[in-house]
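Residue numbers (this note's numbering): 80 to 405.
Think of the CB as a built atom: it goes at the ideal place given N, C-alpha and C, for glycine as much as any other residue.
Taking it in order: structure first as structure tokens, then the write-up.
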């Protein structure tokens, strides 16, 4: 495992584990998933993974409870991260929600506590006042944000009066906006971009195409998985496969290695089983050559998916279409 070269109380592994799936029915896991989740977490720790990310909204608290129980005695050794859903993120609420998350996680201090989304009404000055109190009493180690643009990230840091260490954003070969400003800022300022959905919910795994679309509810709601977009993405997936073959790796591992090439990025893919966790962790050790990285970047730029309002008619057709008879 490789780590981000920053001065942090605990090392930040380049690959972490995202736990949105833990306890969330929308991912389609059965009643046995709590046991499976524990196995995934145990194996991640064995592989050197130190960053485990949850949120109070994931499974309405179940993800935090499952994660905390699975980590057990290893909780003090790793970076336990969670996020507050900022419905009314005034200082007192921030403090109360952190206490509740810590209790579910079974920790006396949350290593990284993040604001899940920027609130359009409540300013960061009051949210960060609550975060500062949490740091002062030792209930929170580092403060982070999520889904923040660069300007608001900097405003949040000014309001806290200390570093806002991380910004967790959607970042993958399909979603490259962070490369424009967030990544350069992170490198210059000694901050970290945490990439969620780094495989674009599996689009970059190569498992799906127009004739073999995903069936799960979460992916069906993602316009990237429209048949038209799966067709448009075929050339990108072919390039990813070519690079993967050169490294005796999987397309998913190459998609992760693309992100991890930046020194201040860590990725938090989910895992539905121990083997997937092992493959994700191994991606941290893949070194892409300059020409391979360039080929991947160019292929990603050429991919032009149908998204936003333009995708709505096709999304509605896919949502209400009757199953094809065989």
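Beta-carbon proximity list for residue i, same chain, < 6 Å, skipping 5 on both sides
i           : result
residue 126 : 360
residue 198 : 165, 168
residue 22  : Because the chain spans 80 through 405 in this model, residue 22 falls outside it and cannot be assessed.
residue 142 : 98, 101, 102, 133
residue 201 : 168
residue 140 : 183
residue 264 : 229
Residue i and residue j closer than 8 Å at C-beta
i           : j           : result
residue 254 : residue 231 : no
residue 180 : residue 135 : yes
residue 313 : residue 278 : no
residue 235 : residue 243 : yes
residue 194 : residue 206 : yes
residue 173 : residue 210 : yes
residue 157 : residue 124 : yes
residue 149 : residue 130 : no
residue 229 : residue 191 : no
residue 31  : residue 273 : A question about residue 31 goes unanswered here, because the residues of the chain that appear run from 80 up to 405.
residue 367 : residue 336 : yes
residue 252 : residue 375 : yes
Residue(s) in a DSSP beta bridge with residue i
i           : result
residue 192 : 161, 222
residue 246 : 224, 272
residue 82  : 92
residue 200 : DSSP output for residue 200 lists no bridge partner at all.
residue 291 : 288
residue 132 : 97, 160
residue 345 : 273
Proximal residues to residue i (C-beta, below 8 Å), its chain only, five neighbours per side dropped
i           : result
residue 84  : 342
residue 196 : 164, 165, 225, 226
residue 214 : 220, 222, 241
residue 93  : 80, 81, 82, 83, 339, 344, 345, 346, 363
residue 383 : 311
residue 122 : 353, 356, 357
Residue i classed as buried or exposed, judged by whether at least 16 other C-beta atoms fall within 10 angstroms
i           : result
residue 291 : exposed
residue 147 : buried
residue 152 : exposed
residue 247 : buried
residue 217 : exposed
residue 128 : buried
residue 95  : buried
residue 171 : exposed
residue 176 : buried
residue 373 : exposed
residue 154 : buried
residue 259 : exposed
residue 352 : exposed
residue 380 : exposed
residue 98  : buried
residue 371 : buried
residue 267 : exposed
residue 178 : exposed
residue 160 : buried
residue 116 : buried
residue 378 : buried
Cβ shell of residue i (< 7 Å), same chain only, five flanking positions each side left out
i           : result
residue 331 : 278, 283, 284, 358
residue 86  : none
residue 88  : 220
residue 269 : 85
residue 328 : 365
residue 239 : 207, 210, 211, 222
residue 118 : 353
Closer than 8 Å is the cut-off here; do at least three beta carbon pairs connect the stretch 339-350 with the stretch 316-323?
no
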